[in-house]
Amino acid sequence: NGKMGFVKMEIASLNETAVNSNTVAMDTANRTYMPYYLHSTGMAISYILCYVVVLLLCVGGNVLVSLVVLRNRNMRSVTNLFILNLAISDLLIGVFCVPTTLIDSLISGWPFGQITCTMSNLVQGMSVSASVFTLVAIAVDRFTGIVYPFRHRIRPVTALLTILFIWVLAFAVICPSAANLTVIQLEDTYMLQDNQTYPVFVCFENWPRPEMRRVYTMVIFVHVYLAPLGIISIMYGCIAAKLSINLRQVRLAKVRRARSQRRVKVIKMLTMVAVLFMVSWLPLWTLMLLTDYRDLDTQQIDFLSSYLFPVAHWLAFFNSGINPIIYGFFNENFRRGFQAAVACRLCSMPWPSSENIGKGEVFI
């Protein structure tokens with residue numbers, strides 16, 4: 002897959018010239034034979050169970066978040082709209098990327114064809130980029146609302162336009178990767194299963210020159226990881242300092258003090274979401290930079306593609322499923338909304354009124 006597709010085929014271009022050590026035989030015509038299944042039964046079952054858990058969390062949790070925000074008018078604050086966008090991007094990752102990455106981690110080659118190769122990369126690349134840019138937007142919104150409370154606040158309409166811009170920007174960021182994705186058949190390389198041989202196809206970024214891929218890797222790393230991390234850190238650092246000052250003012254009115262305490266709880270939740278995102282994606286970014294900037298031998302390529310990349314992908318995808326749990330833990334309105342949604346689904350009850358869910362007052 003591509004640069005932001007983040008699957009084992011990240012290193013397929015290397016495997017073209019150095020087929021991995023899963024090779025089981027090589028005949029006199031220099032044909033290389035690879036096993037159809039890359040792992041033992043026990044290891045494959047472990048991968049499947051872990052990925053299925055992530056898939057259920059991504060789909061179930063983020064659908065609940067979307068329902069709570071969309072079905073309750075009072076929950077449609079600016080911050081909640083950004084959280085809705087984050088849930089949609091996480092849902093797309095769960096539906097379109099988790100299954101293909103799992104299958105790609107279990108068998109040799111790319112079994113899905115050119116369209117899936119391109120679309121899987123495009124969807125995941127856009128979703129990951131949109132998630133990062135949304136986290137930045139949330140940080141900016143909280144920064145202006147708390148550090149400069151008397152300035153013009155972001156309105157819901159402006160938030161929706163910002164979300165539209167985020168997806169357009171995400172599409173622009175991933176376009177170079179998607180444009181260079183291709184599926185090819187490896188020459189003189191076959192999969193061996195039940196005494197039958199099958200051709201091996203790989204999905205990878207076929208850049209005109211290798212250095213172009215390395216430059217693109219670094220540009221994406223800076224724009225989709227490093228720079229957003231710096232902006233978010235600065236914003237939340239300023240917010241924490243401002244809230245700390247407010248809470249230390251002993252003469253602060255009781256209402257204003259309670260308001261500041263609620264804000265602290267919200268900032269803790271949003272900061273945890275941002276930190277977990279950065280930590281969860283760090284191993285995958287490290288592996289991507291490693292494969293692009295280091296000359297790896299055949300055994301190293303095989304170890305990365307068979308073990309480290311699947312684990313790094315799982316950790317990154319797990320982040321998409323953990324966010325709804327964080328919302329429910331820190332925010333009473335989301336927690337009540339989740340409970341109401343489950344009760345309506347299980348008991349065929351009508352959806353409760355917005356007043357019963359809450360007015361989203363913590364996101365102020």
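Take any residue in the sequence shown, count from 1 to its spot, add 1: that is its number in our numbering. The C-beta atom is built at its ideal place from N, Cα and C for all residues, glycine as well.
Check: Among Leu227, Val216, Ala171, which one has its Cα closest to the Cα of Gly126?; Outcome: Ala171
Check: Nearest CA to the CA of Ala241: which residue from Met270, Leu103, Leu316?; Outcome: Met270
Check: Is Gly329 closer than 8 Å to Cys59 when the C-beta atoms are compared?; Outcome: no
Check: So, Met192 versus Thr198, is the Cβ gap smaller than 8 Å?; Outcome: yes
Check: Considering only the beta carbon of each residue, do Gly140 and Ile246 sit closer than 8 Å?; Outcome: It is worth fixing the name first, because residue 140 is Ala in this sequence and not Gly. Cβ distance not < 8 Å, so Ala140 and Ile246 don't count as in contact.
Check: I'd like to know whether the C-beta atoms of Phe278 and Leu65 end up nearer to each other than 8 Å.; Outcome: no
Check: Going by C-alpha distance, which of Leu290, Arg295, Pro284, Asp298 is nearest Pro311?; Outcome: Pro284
Check: Could you check whether the Cβ of Pro157 sits closer than 8 Å to any Cβ belonging to chain C?; Outcome: The structure shown has no chain C; it contains just one protein chain.
Check: Distance, Cα to Cα, Ile155 vs Val79?; Outcome: 7 Å
Check: For a minimum of 3 consecutive residues, which ranges assigned as the beta strand (DSSP E) are wholly contained in the stretch 117 to 204?; Outcome: 182 to 194
Check: Where in the stretch 239 to 321 do unbroken runs of the alpha helix (DSSP H), each at least 4 residues long, occur, reported from the N-terminal end onward?; Outcome: 255 to 294, 299 to 304
Check: Using CA coordinates, which residue listed in Glu188, Glu212, Asn81 is at the minimum distance from Ala160?; Outcome: Asn81
Check: Who are Met35's beta bridge partners in DSSP?; Outcome: Met192
Check: On the DSSP letters alone, give me the boundaries of the alpha helix (DSSP H) that Arg74 sits inside.; Outcome: Here Arg74 belongs to no alpha helix (DSSP H), and DSSP marks it neither H nor E.
Check: So, Val174 versus Ser130, is the Cβ gap smaller than 8 Å?; Outcome: yes
Check: Going by Cα to Cα distance, which pick from Glu333, Ser306, Asn181, Phe319 is closest to Val267?; Outcome: Glu333
Check: If you compare alpha carbons, which of Ile94, Pro200, Asn75, Asp296 is closest to Thr33?; Outcome: Pro200
Check: How would you call Leu341, buried or exposed, if buried means at least 16 neighbouring beta carbons within 10 angstroms?; Outcome: Looking at the sequence itself, residue 341 is Ala, so the reference to Leu does not match. Answer is buried; the Cβ neighbour count reaches 16.
Check: How is Asn23 classed by DSSP in three states: helix, strand or coil?; Outcome: Because Asn23 sits at a pLDDT of 47, beneath the cut-off of 50, its placement in the model cannot be relied upon, and the point is left open.
Check: Residues in the same chain with beta-carbon distance under 7 Å from Met273, minus the five sequence neighbours each way, listed in chain order, please.; Outcome: Ile327
Check: Would you say the stretch 70 to 79 touches the stretch 98 to 118, given that touching needs at least three Cβ pairs under 8 Å?; Outcome: no
Check: Could you name the residues of the same chain whose beta carbon sits closer than 7 Å to that of Val251, not counting the 5 residues immediately before and after it, in chain order?; Outcome: Confidence in Val251 is poor, its pLDDT being 49 and thus under 50, which makes the residue's placement unreliable; the coordinate value appears in the next sentence. Closer than 7 Å at the Cβ level, and outside the excluded window around Val251, lies no residue.
Check: Thinking Asp293 and Arg214 are a contact (beta carbons under 8 Å), I'd like their distance in whole angstroms, please.; Outcome: 6 Å
Check: Taking DSSP's pairing of strands, which residues face Ile108 in a bridge?; Outcome: Tyr38
Check: Measuring only the C-alpha atoms, how far is Phe1 from Ile108?; Outcome: Absent from the structure is residue 1, since the part of the chain shown begins at 2 and ends at 365.
Check: What residue does the alpha helix (DSSP H) around Tyr217 start on, and which one ends it?; Outcome: 211 to 222
Check: Less than 8 Å between C-beta atoms, sequence neighbours within five positions excluded: which residues of the same chain meet that for Ile235?; Outcome: none
Check: Considering only residues of the same chain and omitting the five flanking positions on each side of Thr119, which have a CB-CB separation below 6 Å?; Outcome: Ala179, Leu182
Check: What does the Cβ neighbour count give for Gly231, buried or exposed, with the cut at 16 atoms within 10 Å?; Outcome: exposed
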